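J.: Numbering (our numbering), first residue to last: 8 to 280.
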């Protein structure tokens, strides 16, 4: 697929991570010295993405200030404000529709992942619909209760949601999309005044236009709670220093400190097992 644009959803409050944010912005929580959202931005730049659309909401001005001042961010960024950020994440994606004209990658600002997933994803042919990266290794999912489950049949999604009765994979929050997702979300939003991303995916699935790519054991983590944060640290360390975007380079390249006392405290609780 030929894609040079990515959308990052960074509008939510992330209340379950409030013990680490102290009321601040969840996408700016540092992991090994680098805010979560910058892990995503640098990964996207690494695979050649030139245009980022970042959807902001809660304390969005803080995110914009930190990202705009970071010298390593070279991609062109279009900032979108979702005034209805308290609604479901599908509304945040819909807010980006006016500035996205073609196919795009879609990421969540609070998810971390092996950049190899993106490298594989952009090599896939993109049908008129979307491709969701899924994890079939269910035994390795950190918080299955909170995970968005996916039922797959012959490479297509047949059901998706947190409480579906049957599933064989989990949604990683990494997508390649055509503008068809906007139409699907708009239809859902018109019907009930709100729309989650999963509802938009399900709408495309009904039409046979929601496909999957298995990440085949690559690592990823949704950083949604302090426990998930500690697990993400462990995952990065288990992968070796190549998985950690150099802390020294981060601090040298940033106009202001990005580390937080909470990071050292949180990791000490995890231990080294």
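Ideal Cβ placement from N, Cα and C applies to all residues, glycine included. For clarity, every value in this text was computed on a predicted model and none was experimentally measured.
1) Could you give the DSSP three-state label for residue 84: helix, strand or coil?
2) If you drop the 5 nearest sequence neighbours on each side, which residues of the same chain put their C-beta closer than 7 Å to that of residue 73?
3) Please report the residue range of the alpha helix (DSSP H) in which residue 195 lies.
4) Under DSSP, the alpha helix (DSSP H) around residue 123 begins and ends at which residues?
5) Going by DSSP in three states, residue 147 sits in which element: helix, strand or coil?
6) Grab the span of the alpha helix (DSSP H) containing residue 131 for me, first residue to last.
7) Check this for me: beta carbons of residue 99 and residue 64, under 8 Å apart or not?
8) Cutting at 7 Å between CB atoms, please list the residues of its own chain near residue 221, excluding the five before and the five after it.
9) Give every residue of the same chain whose Cβ lies closer than 6 Å to the Cβ of residue 115, excluding the five residues on either side of it in the sequence, and list them in chain order.
10) Determine the direct distance from the alpha carbon of residue 192 to that of residue 198, and round the result to whole angstroms.
11) If I measure Cβ to Cβ from residue 154 and keep anything under 6 Å in the same chain, skipping five residues before and after, which residues do I get?
12) Ignore the nearest five residues each way along the sequence and tell me which others in residue 80's own chain have a CB closer than 7 Å to its CB.
13) When you compare only the Cα positions, how much space is there between residue 120 and residue 194?
14) Is the segment 105-113 touching the segment 156-168 in the sense that three or more CB pairs, one from each, lie closer than 8 Å?
15) Can you tell me whether DSSP reads residue 219 as helix, strand or coil?
16) Secondary structure at residue 66, three-state DSSP: helix, strand or coil?
17) What did DSSP end up calling residue 177 once you bin it into helix, strand or coil?
T.: Once the coordinates are examined:
1) strand
2) 35 and 42
3) 187-199
4) 122-128
5) helix
6) No alpha helix (DSSP H) holds residue 131; DSSP gives it neither H nor E.
7) yes
8) 141 and 143
9) 16 and 180
10) 10 Å
11) 148 and 177
12) 48 and 74
13) 31 Å
14) no
15) strand
16) coil
17) strand
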